[in-house]
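Notes for the one structure printed next.
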């Protein structure tokens, strides 16, 4: 009787779906890019995006990509956990170009509103980031005008909705 119930549960919820329904970013496809704009529909720069599956370790180790309109990408490491995103800056010291939005966009492959909430972890964040928001499956992190360097960090805690993979 118990074996039949366990087998029914396994058949009703394949492993790949059950893991996603647990409210995690693990195993999801995500595209990371850098955008700079004063008017969203007329960006000053959109860097080449990279797409990976969220797993163990650093998902993105972005380096300079060459100047576009006088702007270039600041090297950044992005580590994505099941419900957390951490950014660090391994190279260089400086200040981000100031515009209405200059920052990071992480677009997760999903058809639903992926994030219930996003919060900056003040204990693990040294940057004065104040503008982070989610739209459907995308997360926007605005670092416009902020300083960066090897000691700079940003940690975000996320409440991830129970969205199936698309």
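Residue numbers (mature numbering (1 follows the signal peptide of the UniProt record, and there is no 0)): -22 to -1, 1 to 144.
From the three backbone atoms N, C-alpha and C, an ideal C-beta is built for every residue, glycine too.
Computed from a predicted structure; not experimentally measured.
Could you check what DSSP says for residue i in three-state terms: helix, strand or coil?
i, result
"residue -6", "Below a pLDDT of 50, predicted positions are generally treated as unreliable, and residue -6, at 41, falls in that range; the measurement from the model is reported next regardless. Reduced to three states, the DSSP call for residue -6 is helix."
"residue 114", "coil"
"residue 25", "coil"
"residue 101", "helix"
"residue 58", "strand"
"residue 126", "strand"
"residue 10", "strand"
"residue 141", "coil"
"residue 84", "strand"
"residue 70", "coil"
"residue 89", "coil"
Beta-carbon separation of residue i and residue j under 9 Å?
i, j, result
"residue 121", "residue 105", "yes"
"residue 130", "residue 67", "yes"
"residue 7", "residue 138", "no"
"residue 116", "residue 79", "no"
"residue 133", "residue 102", "yes"
"residue 96", "residue 58", "no"
"residue 99", "residue 1", "no"
"residue 56", "residue 38", "yes"
"residue 124", "residue 73", "yes"
Just mark residue i as buried or exposed, buried being the case when its beta carbon has 16 or more other beta carbons within 10 Å.
i, result
"residue 71", "exposed"
"residue 29", "exposed"
"residue 13", "buried"
"residue 88", "buried"
"residue 109", "exposed"
"residue 48", "exposed"
Considering only DSSP beta bridges, list what residue i is partnered with.
i, result
"residue 16", "DSSP, once it has assigned bridges, lists no residue as partnering residue 16."
"residue 132", "65"
"residue 75", "Answer is none; residue 75 lacks a bridge partner."
"residue 31", "7"
"residue 96", "136"
"residue 39", "55"
I believe residue i touches residue j by the beta-carbon criterion, under 8 Å. Please report the beta-carbon distance rounded to the nearest angstrom.
i, j, result
"residue 25", "residue 51", "5 Å"
"residue 27", "residue 10", "6 Å"
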